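In full-length UniProt numbering, the protein residues as written are 1 to 76.
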């Protein structure tokens, strides 16, 4: 499946957070990154929605075209 930025932009819903909620989100994000970042090959920062969507689509396309591996135990 191929998505364009136009498809993503048409599905956007704006959500407004209170300052306390934003602090909690940032704190939780930092903890998650500290604990789990070694499990991920890419990090996409959502500072600019169009840029983040473009980067996500590009990465998905690259992943789709490259060989992936999984531990042998997962194949059972």
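Every residue gets a Cβ at the ideal spot worked out from N, C-alpha and C, and that includes glycine.
Fair warning: this is a prediction, and the values are worked out from it, not measured in the lab.
**Request:** Express the C-alpha separation of residue 41 and residue 68 in angstroms, rounding to a whole number.
**Result:** 12 Å
**Request:** Write down every uninterrupted run of the alpha helix (DSSP H) in the segment 5-64 whose length is 4 residues or greater and which is fully enclosed by it, in chain order.
**Result:** 5-10, 19-36
**Request:** Would you mind working out which of 75, 17, 55, 15 sits nearest residue 44, comparing C-alpha positions?
**Result:** Taking residue 44 as reference, the option from 75, 17, 55, 15 with the minimal CA-CA separation is 55.
**Message:** Whole angstroms are fine: how far does the CA of residue 16 sit from the CA of residue 22?
**Reply:** C-alpha separation (whole angstroms): 9 Å.
**Request:** Can you tell me which of the three DSSP states residue 74 falls into?
**Result:** For residue 74, the three-state secondary structure derived from DSSP is helix.
**Message:** Taking the beta carbon of residue 53 as the centre, do at least 16 other beta carbons fall within 10 Å, making it buried, or is it exposed?
**Reply:** Classification of residue 53: buried, given that the 10 Å Cβ count is 16 or more.
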